[in-house]
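First comes the structure, then the notes that go with it.
4 protein chains.
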Amino acid sequence: MIATYEPDGPIPVAVAGATGGVGQRFVSLLEAHPWFELVALAASEHSAGRPYGEVVRWSLPGPLPARAAGMEVLPAGPDIPGRLVFSALDAAVAGAIETELARGGKLVVSNAKSHRMDPAVPLLVPEVNPGHLALCERQDFGAGRIVTNPNCSTIALALALKPLCDAFGLRAVHVVTLQALSGAGLSGPTGFEMTDNVIPYIEGEEPKIETETLKVLGELGDDGLHAAELRLSATCNRVPVVDGHTLCVSVELGREADAADLIEAWSSFRSDPQHIGLPSAPARPTLYLAAPDAPQPRRHRDLERGMATVIGRLRRCPVLQWKFVALGHNTLRGAAGGSILAAELAVARGCLA
Amino acid sequence: MIATYEPDGPIPVAVAGATGGVGQRFVSLLEAHPWFELVALAASEHSAGRPYGEVVRWSLPGPLPARAAGMEVLPAGPDIPGRLVFSALDAAVAGAIETELARGGKLVVSNAKSHRMDPAVPLLVPEVNPGHLALCERQDFGAGRIVTNPNCSTIALALALKPLCDAFGLRAVHVVTLQALSGAGLSGPTGFEMTDNVIPYIEGEEPKIETETLKVLGELGDDGLHAAELRLSATCNRVPVVDGHTLCVSVELGREADAADLIEAWSSFRSDPQHIGLPSAPARPTLYLAAPDAPQPRRHRDLERGMATVIGRLRRCPVLQWKFVALGHNTLRGAAGGSILAAELAVARGCLA
Amino acid sequence: MIATYEPDGPIPVAVAGATGGVGQRFVSLLEAHPWFELVALAASEHSAGRPYGEVVRWSLPGPLPARAAGMEVLPAGPDIPGRLVFSALDAAVAGAIETELARGGKLVVSNAKSHRMDPAVPLLVPEVNPGHLALCERQDFGAGRIVTNPNCSTIALALALKPLCDAFGLRAVHVVTLQALSGAGLSGPTGFEMTDNVIPYIEGEEPKIETETLKVLGELGDDGLHAAELRLSATCNRVPVVDGHTLCVSVELGREADAADLIEAWSSFRSDPQHIGLPSAPARPTLYLAAPDAPQPRRHRDLERGMATVIGRLRRCPVLQWKFVALGHNTLRGAAGGSILAAELAVARGCLA
Amino acid sequence: MIATYEPDGPIPVAVAGATGGVGQRFVSLLEAHPWFELVALAASEHSAGRPYGEVVRWSLPGPLPARAAGMEVLPAGPDIPGRLVFSALDAAVAGAIETELARGGKLVVSNAKSHRMDPAVPLLVPEVNPGHLALCERQDFGAGRIVTNPNCSTIALALALKPLCDAFGLRAVHVVTLQALSGAGLSGPTGFEMTDNVIPYIEGEEPKIETETLKVLGELGDDGLHAAELRLSATCNRVPVVDGHTLCVSVELGREADAADLIEAWSSFRSDPQHIGLPSAPARPTLYLAAPDAPQPRRHRDLERGMATVIGRLRRCPVLQWKFVALGHNTLRGAAGGSILAAELAVARGCLA
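Residue numbers (my numbering), protein chains in the order written: chain W, 793 to 1145; chain H, 793 to 1145; chain A, 793 to 1145; chain F, 793 to 1145.
This is the structure in structure tokens:
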């Protein structure tokens, strides 16, 4: 029996890497968060010292929150205030800064890749592997902790796979992604490259999915985490979509099952975030749509406030066993929203110093 | 040893279904064809009797050929003139009309699906299964013949697979397509549906690929055609691309091989159309690009005048054995251009009455 | 002094033409409306008798409201229940049905074009011409009334022009639109037509803007409405944008002014809907953005919940006097949202039977 | 009477700035040019010394010409070989390098903006102002010469206006552009910015059109060039189109005319390039399409091999006098193709040292 949780008072938090696409999502989602109070925004040196509203190139549909707009941007370093720091830092600098922040006693919840594969760092998808938070006890940052988020595609995929794993076992997964542009940031492909085109390559993405998914689905033993043992192949494409990664997935399960069993596994899936009542938890972490042409990024990415993996088109796969299409919102559940949910779980589990 | 071939004089040909997207490609490609002389254009009743230039909504980049523009559109029926009829008719009417045309002694080369799976009708990809033309001898249309083209994705896929089949054998194929809009025609998705979106479903497309590919790769025995025995899974997506289907392919071969062996198989692949010197034959039916992000539809679909399958990104697949990306131009090689090449082979092989 | 207004209790309303794009917006916006209670959904014969959730092809980002999903669709005719009917009917049938509904005593608030130019029917943009509601007294439908909404581009344009009219007078307007696809509906251009393309033509749209804007900006005299006297030229383009019409506007004012005066006119503009406190009224009906590249459809269409005209790029026009860019959300303020605001004003002004 | 012209033998030419989008167009168009023989490719320091095929990121639909692919890239500087140098250099460096090349005795034909407004440098649109080449006599580069190309939108606009100027006079022009992405190069908007969006701003573009057009349409007197006297207003938008700028133009003519007169003026327009028979000259520099929704970038940009301005939708303008839509291919006629045509005219006129 899992108890619901409510913190004693507002928790001061900061966002490091606040000007990029994921940083903006953090700012937007934290504006009215019931637990977290945004006290600082940090970014690279050339933005520091100026009001956030002047340095950010706001690209989300809603308006830039007025309070954040007025906050002075701090340099991203170990002196960021707040008990909890959300990191959307560039991978080039994230590793060192996050380590220093943790050593300074903070709970760091990171969307950067630097610490994802560290043996003592949980790679957390709260509904999938909440128990991995126990890994934090193996960290040596003093009172501080680092918790990470997998990459966007891995989050959507792991959510779709977990109910199948639990119910039927899982032997092999073949996934081909059609990924949105919001994840690529300012260094992403140009409009010239993406008009009347798709790009069948995203640097570094396929190995990330193939590696991170196995860690997320792994088992925590006395001697640490054991990666899941299953064959996993990922192919990644960039498509001209703003938000929402579409995944064409084929799976081989551990035992025979009916289509109805798989759909029931997804439809009934609930986990710790739902039981605890975490504020960012979707009511349904995985949901199945019966329409023949669902899910689609523009039409379905915002279901469950962008925090679920939306699934459809379940049918037999002549090569593996089953195939289906899964959709995840890459900057909500797949990045900032996923990190905030991870932070909520970490706080509820006592990871805050 | 295969001899080159040249017909004695111009062969009068007609296009049935001339106003649609594929019909327009036929008109464009036949304008300056060295063997075929366009003598008639046929379309549905409501276009008949008027000049082609008035009824067609020309949507190809180049100008509408002046001679075709002035031709009076005929009703699509058994009285179409010409010794050879290219059919881009709607599936709803193609079957019956094509049968009548063949009974009238014509060689019908069809891009419609109606006769594709008939046991005595070749489903021809000239470089892949030229020998299947011998099936025509089993037809009972008198002097007439029907030869068909597979659907656009199957053509691109079969070309990519054939050199692997020949060199290494093939046990399983898993393909996920990102298909262009030109194939969908006027009944395709709206601009509203396709902006900031992909649609992970194309009605009827997956079964077509799974069935037609096995026929194309099949063996012709004394008792007819035997479909290839391999596991084949297809998943189809519609993406906002004008022309060019991108295929993410994973394969399990019949024996171990190096990447260099596969690339060599594609690079050196030549077949009857190249040996005979057919006018529409690409110099290289399959070609491999080494760039890490190739092939891409807009950048590479027009290589070899749109008549080749362009391949890239060969790498190990953790679930099957190898994976790669293949690209085919869906209205050139995948439709009108493929039919014209098929017609050239059929003529060279004496199929004309 | 204008008094705020609050109705005595919930007002039962229906939506006619509920399955199309604008109809869906009505359903979405009425779900939690503080005054209006949705009691009926009507559509064409072939949808009637089935649950809304089964017949609608929902295409908005949020989920289909559960209550509406379960409502049985009624045939669109004079027997629709409710005191107020929102009409998103096709122009082909809207005229007659709306007349009958009004004769049956209902307040009809229509987004269709059929009655827009009727001399006794207000063409209402609530902030621009609230006084035009008095035209209703000239109607002869008994207790019923018809109030209409201009077309989407006219609404955005009229809002941008009104503060200039009031402050400086207006002699000439030249507008070139870049219009989104959501307004075109299912009969809009195909994805094939809209990829790597713009279409410099929207059937019937330019005359609508040139005519309707003059009525909206007209003066109500004792002898009826006098259209505004100004030269107005409209050119319309369709662009691959989901929602949000961009208007490139040049104006000649009645007197000289500074840029700061124009910006102040837009920034301070408030009208009856703001004074009365209508629930759908934007706090700022017109707002000016200083960024050099604003407004942009995806980034700014949702400001003020899509109910404002967002303006930017004010600069001198060497041909007329000033030029600027205006942006309006075409299915929110430009259609369903605009109609609901019009209905709120009409109810507050006592137009309900 | 203008005589046709043919050079005595091949003229050795170089391309400076060969790796960018316009540079690639030069390489493509020069591959089989009847007069010019490509002898050198130059680019920035970090590309110099390596084969062109290795350093260029080829993004045109056809294949990279094999001969060019093997040429070693030279540093862009005064030592480039060839009698004629086509410059597609960045504006940051173009000015100085072009001056040095001219001083070295070369004929420089530049697509860069650096020298466009120099009083002694022709801003040449060969059909519009061929006589401006006489300006070269005022240059003081010794035997060398500099001839420039206006920016892409100006070229398309000037072509559309010239026949009207000649036949009716011209008092005012109001143009709103919808510009393609190919002109923006690698520093253009990202795919994220351009999906489901338009950007109503292109830095520096409006002043260029407003200034350059007046120079192109100006009159050459004994005391130099006099800019045309007409009011001209330009508004520029970026849209998700690969190639082809669409211009919504309103004009006030010097005298009354019928629509048929304007169409005849465009249809019959021929100038020096057509009379001389320059190899890159379009048969029809301006052509009018009668379809109600023409011209469109994807459907019509390649007419006349991308070297014409395609016009449509002529109708009355209630503010000025007439309005129409014009389309020009921005990297063919609007850049590399226009420069090559300008070079052909300059050579035919004896500008080569």
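Note that CB positions come from ideal geometry on N, CA and C, so glycine has one too. All values derive from a computational prediction rather than experimental measurement.
**Prompt:** With C-beta atoms as the reference, is W:Leu1017 less than 7 Å away from H:Pro1110?
**Reply:** Residue numbering aside, residue 1017 of chain W sits at position 225 when the first sequence is read from its first letter. Residue numbering aside, residue 1110 of chain H sits at position 318 when the second sequence is read from its first letter. No; because the gap between Cβ atoms is not below 7 Å, this pair is not in contact.
**Three-state secondary structure assigned by DSSP to W:Cys1028** = Taking the first sequence and counting its residues from 1, one reaches residue 1028 of chain W at position 236. When DSSP states are grouped into helix, strand and coil, W:Cys1028 belongs to the strand group.
**Asked** Going by beta carbon distance, what residues of the same chain come within less than 7 Å of A:Ala1146, once the five residues before and after it are set aside?
**Response** Limits of chain A in this structure are 793 at one end and 1145 at the other, which puts residue 1146 of chain A out of reach.
**Message:** Once DSSP output is grouped into helix, strand and coil, what is the label at W:Tyr844?
**Reply:** Taking the first residue of the first sequence as position 1, residue 844 of chain W is located at position 52. If DSSP states are grouped into helix, strand and coil, W:Tyr844 belongs with the helices.
**Asked** Cα-Cα, which of H:Val917, H:Leu1112 and H:Pro1087 is closest to H:Asp1064?
**Response** By one-based count along the second sequence, residue 1064 of chain H stands at place 272. For the residues H:Val917, H:Leu1112 and H:Pro1087, the minimum Cα distance to H:Asp1064 belongs to H:Val917.
**Item:** Inter-residue spacing [alpha-carbon to alpha-carbon] between F:Ile991 and F:Thr1123
**Value:** Here the question's residue 991 of chain F lines up with position 199 in the fourth sequence. Here the question's residue 1123 of chain F lines up with position 331 in the fourth sequence. Computed Cα separation, rounded: 20 Å.
**Message:** Run through chain W and tell me which residues come within less than 9 Å of F:Ala976, C-beta to C-beta.
**Reply:** Position 184 of the fourth sequence, counted from the first residue, corresponds to residue 976 of chain F. Chain W residues near F:Ala976: Thr982, Gly983 and Phe984.
**Request:** Could you confirm whether any beta carbon from chain W is found closer than 7 Å to the beta carbon of A:Asp988?
**Result:** Locating residue 988 of chain A in the third sequence gives position 196, where the first residue counts as 1. Residue-level contact by beta carbon holds for A:Asp988 and chain W, with a gap shorter than 7 Å.
**Prompt:** So, is the C-beta of A:Val1034 closer than 7 Å to a C-beta in chain H?
**Reply:** Taking the third sequence and counting its residues from 1, one reaches residue 1034 of chain A at position 242. Taking Cβ atoms only, chain H reaches closer than 7 Å to A:Val1034, which makes this a yes.
**Prompt:** Using a C-beta cutoff of 7 Å, does A:Leu973 count as contacting chain H?
**Reply:** As a first step, residue 973 of chain A must be located in the third sequence, where it is residue number 181. With 7 Å as the cut-off, A:Leu973 counts as an interface residue toward chain H.
**Prompt:** So A:Ala806 and A:Ile872 are in contact, right, with Cβ under 8 Å, and what is the actual spacing, rounded?
**Reply:** On the third sequence, position 14 is the one that residue 806 of chain A refers to. On the third sequence, position 80 is the one that residue 872 of chain A refers to. Right, the Cβ-Cβ distance comes to about 5 Å (below 8 Å), so this counts as a contact.
**Request:** Give the interface partners of A:Thr891 over in chain F, defined as CB-CB distance under 8 Å, in chain order.
**Result:** Locating residue 891 of chain A in the third sequence gives position 99, counting from the first residue. Proximity of chain F to A:Thr891 at the Cβ level (cut-off 8 Å) is not reached, the minimal Cβ distance being about 32 Å.
**Item:** Three-state class that DSSP yields for W:Trp1114 in the structure shown
**Value:** Reading the first sequence from its first residue, position 322 is the one you call residue 1114 of chain W. W:Trp1114: strand per DSSP, three-state reduction.
**Asked** Listing by chain order, which chain W residues have their CB less than 9 Å from the CB of A:Arg1091?
**Response** Indexing the third sequence from 1 puts residue 1091 of chain A at position 299. Under a criterion of Cβ atoms nearer than 9 Å, the residues of chain W adjacent to A:Arg1091 are, in order, Trp850, Ser851, Leu852 and Pro853.
**Prompt:** Using a Cβ-Cβ distance under 7 Å, would H:Asp1094 count as near chain F?
**Reply:** Here residue 1094 of chain H refers to the residue found at position 302 when the second sequence is read from its first residue. For H:Asp1094, the answer is yes, since a Cβ of chain F falls inside 7 Å of its Cβ.
**Asked** Which whole-angstrom value is the C-beta distance of A:Pro1087 and A:Glu919, which I expect to be below 8 Å?
**Response** As a working mapping, residue 1087 of chain A is identified with position 295 in the third sequence. As a working mapping, residue 919 of chain A is identified with position 127 in the third sequence. Not confirmed; about 18 Å, so no contact.
**Prompt:** Does any CB atom of chain F fall closer than 7 Å to the CB of A:Ser979?
**Reply:** Here residue 979 of chain A is taken as the residue at index 187 of the third sequence, counted from 1. Taking Cβ atoms only, chain F never reaches closer than 7 Å to A:Ser979, which makes this a no.
**Request:** Please check if any C-beta of chain F sits within less than 7 Å of the C-beta of A:Tyr797.
**Result:** As a first step, residue 797 of chain A must be located in the third sequence, where it is residue number 5. Not closer than 7 Å to any Cβ of chain F, the Cβ of A:Tyr797 fails to qualify, so no.
**Request:** Determine, using beta carbons only, whether A:Ile994 and A:Gly1130 come nearer to each other than 7 Å.
**Result:** The residue you call residue 994 of chain A lines up with position 202 of the third sequence. The residue you call residue 1130 of chain A lines up with position 338 of the third sequence. Contact flag unset, no.
**Among F:Leu833, F:Leu1137, F:Ser979 and F:Thr987, the one whose alpha carbon lies nearest that of F:His1067** = Here residue 1067 of chain F corresponds to residue number 275 of the fourth sequence, with the count starting at 1. Per the Cα distances, F:Leu1137.
**Request:** Could you check how far apart the C-beta atoms of A:Ala1121 and A:Arg1093 are, in whole angstroms? I think they sit under 8 Å.
**Result:** Locating residue 1121 of chain A in the third sequence gives position 329, counting from the first residue. Locating residue 1093 of chain A in the third sequence gives position 301, counting from the first residue. The amino acid occupying residue 1121 of chain A in the given sequence is His; Ala does not appear at that position. At roughly 5 Å, the Cβ-Cβ gap stays under 8 Å, so A:His1121 and A:Arg1093 are in contact.
**Prompt:** For A:Ala1075, which of helix, strand or coil comes out of DSSP?
**Reply:** Locating residue 1075 of chain A in the third sequence gives position 283, counting from the first residue. Reduced to three states, the DSSP call for A:Ala1075 is coil.
**Request:** Give the range of the alpha helix (DSSP H) segment to which H:Gln816 is assigned.
**Result:** One-based indexing of the second sequence puts residue 816 of chain H at position 24. First-last of the alpha helix (DSSP H) with H:Gln816: Gly813 to Leu822.
**Request:** Taking F:Ile991 as the query, report the chain A residues whose CB atoms sit under 7 Å from its CB, ordered along the chain.
**Result:** On the fourth sequence, position 199 is the one that residue 991 of chain F refers to. Going along chain A in sequence order, the residues near F:Ile991 (Cβ under 7 Å) are Asp1085 and Gln1088.
**Prompt:** For A:Pro981, is the classification buried or exposed, using 16 other Cβ atoms within 10 angstroms of its Cβ as the cut-off for buried?
**Reply:** Locating residue 981 of chain A in the third sequence gives position 189, where the first residue counts as 1. Note on A:Pro981: 16 or more other CB atoms within 10 angstroms of its CB, so buried under the neighbour-count rule.
**Asked** First and last residue of the alpha helix (DSSP H) that includes H:Phe984?
**Response** Position 192 of the second sequence, counted from the start, is the residue given in the question as residue 984 of chain H. For H:Phe984, the enclosing alpha helix (DSSP H) stretches over residues Gly983 to Met986.
**Asked** What three-state label does DSSP hand A:Gly1036 in the structure shown?
**Response** Looking up residue 1036 of chain A in the third sequence gives position 244. Correct three-state label for A:Gly1036: coil.
**Request:** For H:Asp1050, count neighbouring C-beta atoms within 10 Å of its own C-beta (all shown protein chains included) and say buried if the count is 16 or more, exposed if not.
**Result:** Residue numbering aside, residue 1050 of chain H sits at position 258 when the second sequence is read from its first letter. So H:Asp1050 ends up on the exposed side.
**Prompt:** Are the C-beta atoms of W:Ala964 and some chain H residue less than 7 Å apart?
**Reply:** On the first sequence, position 172 is the one that residue 964 of chain W refers to. Chain H places a beta carbon closer than 7 Å to that of W:Ala964, counting this residue as a contact.
**Own chain, CB closer than 8 Å to H:Glu892, minus 5 neighbours either side, in chain order** = As a first step, residue 892 of chain H must be located in the second sequence, where it is residue number 100. Cβ neighbours of H:Glu892 beyond the five flanking positions: Gly869 and Pro870.
**Request:** Using a Cβ cut-off of 8 Å, pull out every chain A residue sitting near F:Asn1122, in sequence order please.
**Result:** The residue labelled residue 1122 of chain F in the question sits at position 330 within the fourth sequence. Near F:Asn1122 there are no residues of chain A at all, since even the closest Cβ is about 13 Å away, more than 8 Å.
**Message:** Does F:Gly923 pass the burial test, meaning 16 or more other C-beta atoms within 10 Å, or should it be called exposed?
**Reply:** As a working note, residue 923 of chain F is residue 131 in the fourth sequence. Classification of F:Gly923: exposed, given that the 10 Å Cβ count is below 16.
**Message:** Three Cβ pairs or more, each shorter than 8 Å: is that satisfied between the segment 1024-1033 of chain H and the segment 958-978 of chain H?
**Reply:** Yes: the two stretches touch, three or more of their Cβ pairs being nearer than 8 Å.
**Asked** Under a Cβ-count criterion, where at least 16 other Cβ atoms within 10 Å of its own Cβ denotes burial, should H:Ser902 be classed as buried or exposed?
**Response** The sequence position of residue 902 of chain H within the second sequence is 110, counting from 1. By the neighbour-count rule (16 or more Cβ atoms within 10 Å), H:Ser902 is buried.
**Message:** For F:Lys954 and F:Val1041, which I take to be in contact (beta-carbon distance under 8 Å), what is that distance rounded to the nearest angstrom?
**Reply:** Your numbering for residue 954 of chain F matches position 162 in the fourth sequence. Your numbering for residue 1041 of chain F matches position 249 in the fourth sequence. About 13 Å separates the two Cβ atoms, so there is no contact after all.
**Message:** Please tell me whether F:Val885 has its Cβ less than 7 Å away from any Cβ of chain A.
**Reply:** As a working note, residue 885 of chain F is residue 93 in the fourth sequence. No Cβ of chain A is located within less than 7 Å of the beta carbon of F:Val885.
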